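Residue numbering for the sequence shown follows the working numbering, beginning at 325 and increasing consecutively.
Virtual Cβ for every residue (Gly too), placed ideally from N, Cα, C.
From a predicted model like this one, the values you see are computed outputs, not experimental measurements.
See below for the structure under consideration.
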Amino acid sequence: MIELFMMNSCQNSMKGILFAVVGFACFSTGDVVAKILAMQGYAATQISCFYAFCAIIGLLIFSKPLGGLRKTIKTKEKKLHLLRALLSAPTQALNFYAFSQIPLANAYAVIFLAPFLTAVFAIPLLQEKVSRTGWAVILTGFLGVMIAVRPDLNGFSLPVIAVLITAVFTALRNILVRKMGHRETPLSLAIYPATAIFLATLIPAVQHYQPMGLGMLSFVFVGGLLFGAGLLLTSLAFRQAAAFIIAPLHYSQILWGVILGLVFFSDLPDIWTIGGMILIVGSGLYLIFEQRK
Numbered sequence: 325m326i327e328l329f330m331m332n333s334c335q336n337s338m339k340g341i342l343f344a345v346v347g348f349a350c351f352s353t354g355d356v357v358a359k360i361l362a363m364q365g366y367a368a369t370q371i372s373c374f375y376a377f378c379a380i381i382g383l384l385i386f387s388k389p390l391g392g393l394r395k396t397i398k399t400k401e402k403k404l405h406l407l408r409a410l411l412s413a414p415t416q417a418l419n420f421y422a423f424s425q426i427p428l429a430n431a432y433a434v435i436f437l438a439p440f441l442t443a444v445f446a447i448p449l450l451q452e453k454v455s456r457t458g459w460a461v462i463l464t465g466f467l468g469v470m471i472a473v474r475p476d477l478n479g480f481s482l483p484v485i486a487v488l489i490t491a492v493f494t495a496l497r498n499i500l501v502r503k504m505g506h507r508e509t510p511l512s513l514a515i516y517p518a519t520a521i522f523l524a525t526l527i528p529a530v531q532h533y534q535p536m537g538l539g540m541l542s543f544v545f546v547g548g549l550l551f552g553a554g555l556l557l558t559s560l561a562f563r564q565a566a567a568f569i570i571a572p573l574h575y576s577q578i579l580w581g582v583i584l585g586l587v588f589f590s591d592l593p594d595i596w597t598i599g600g601m602i603l604i605v606g607s608g609l610y611l612i613f614e615q616r617k
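Here's what the structure looks like:
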């Protein structure tokens, strides 16, 4: 019986790791599309609003295999979903503000505190025990991010505080997904935060709206689907495996960001970035092999 439980736990962890890696890759690819749109002069709030709307459409199309719309609406965890939606709504606005005030590297350095905070919050809120290996992987991944982005933070300015709040909110959202566990449909885990982001960005998107041609609309639709897939898969990841297992895989976003930046924008990584990536990838691979034992 114990061996069967351990086998099922290992299988769930591997599923969670797979969901997380693909989900964060979807987020990074969606960011590339968003950057292309932003380079064309479209406001960040307009892009964000369209992303959320397209994500909702995509999720509704596949609602039946994701648990069904009726069951999603009749959720028994309305309070937790509302709390998660409230945590999701301001994060993009805070990020956009920070990105306009400080270098992206500095902002990312603070945002990537989220995996560490997720593991910390999981101890009192979920009664999860983080092993020494888990802490080592999380801290090694964070060190890799610091080496890659080499932030230069001069005190706690308002933009830095904004992204720090984002990191805290992201960690709490991850905890809420884990807390709801398998009681909720996959659809509910993705569509509620997407709806919150859509509603939060709708008014500023209308105020700064610029017409889009068919080509740009196609870009937005693809980006929105990637965003929706990222929401769905990362939510499923935290549902399948312990928070300290999935949290470090958040760092893989910087790996995807560097690769996609090289492919689409010819952004060549320097030796520091490559060194940081090696630490990030190494810690992630160690985590995967550790779970397969």
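Between the CA atoms of residue j and residue i - distance to the nearest angstrom
i: Q564; j: I604; result: 22 Å
i: H506; j: Y516; result: 16 Å
i: A409; j: G340; result: 22 Å
i: L328; j: Q335; result: At L328 the pLDDT is 42, less than 50, meaning the model places this residue with poor confidence; the figure from the coordinates comes in the next sentence. If I take the Cα positions, the gap works out to 11 Å.
i: P448; j: C373; result: 35 Å
i: L579; j: L511; result: 28 Å
i: I435; j: S387; result: 31 Å
i: S397; j: I521; result: Looking at the sequence itself, residue 397 is Ile, so the reference to Ser does not match. Answer to the nearest angstrom: the Cα atoms are 18 Å apart.
i: V492; j: I595; result: 30 Å
i: T558; j: F423; result: 23 Å
i: S412; j: L526; result: 14 Å
i: S481; j: Y421; result: 12 Å
i: F307; j: L383; result: Outside the shown range of the chain, which is 325 to 617, sits residue 307, and nothing can be said about it.
i: L523; j: P414; result: 11 Å
i: A553; j: L390; result: 12 Å
i: K400; j: L406; result: 12 Å
i: V587; j: G392; result: 38 Å
i: Y533; j: G354; result: 20 Å
i: F613; j: G458; result: 13 Å
i: R456; j: M536; result: 51 Å
i: I385; j: Q531; result: 29 Å
Cβ shell of residue i (< 7 Å), same chain only, five flanking positions each side left out
i: V582; result: P593, T597, M601
i: E452; result: A446, A566, A567, F568
i: P572; result: P439, V461, I462, G465, S607, G608, L611
i: V546; result: V357
i: L555; result: A379, A514, P517, A518
i: Q577; result: F348, F351, S352
i: L450; result: I499, R502, K503, A567
For residue i, three-class secondary structure by DSSP
i: M536; result: coil
i: F386; result: coil
i: P414; result: helix
i: P593; result: coil
i: F436; result: coil
i: E327; result: Residue placement at E327 cannot be trusted, given a pLDDT of 48 that sits under 50; what the coordinates show is reported in the next sentence. In the structure shown, E327 sits in a helix (DSSP, three-state: H, G or I).
i: A367; result: coil
i: K395; result: helix
i: V454; result: coil
i: T519; result: helix
i: K403; result: helix
i: T323; result: Residue 323 lies beyond the range of the chain shown here (325 to 617); nothing can be said about it.
i: R474; result: coil
i: A422; result: helix
i: S607; result: helix
i: S481; result: coil
i: A566; result: coil
Close beta carbons around residue i, own chain, < 6 Å, minus the five adjacent residues each side
i: F562; result: N498, V501, R502, I570
i: Q425; result: P483
i: A495; result: A438, L441, T442, F445
i: Y375; result: G547, G548, F551
i: A652; result: This structure cannot speak to residue 652, because the chain is shown only from 325 to 617.
Residues near residue i in its chain [Cβ-Cβ closer than 8 Å; skip 5 each side]
i: M540; result: L361, Q364, Y366
i: T519; result: A376, I380, A409
Whole-angstrom C-beta distance between residue j and residue i, which should lie under 8 Å
i: A529; j: Q370; result: 5 Å
i: L404; j: M504; result: 6 Å
i: D591; j: G599; result: D591 to G599, Cβ: 17 Å. No contact.
i: K395; j: T490; result: That belief does not hold up - the Cβ atoms of K395 and T490 are roughly 31 Å apart, past 8 Å.
i: L560; j: F343; result: 5 Å
The ligand SAH heavy atom lying under 7 Å from the CB of residue i
i: F466; result: Because no ligand of any kind appears in the structure shown, any question about the ligand SAH cannot be addressed here.
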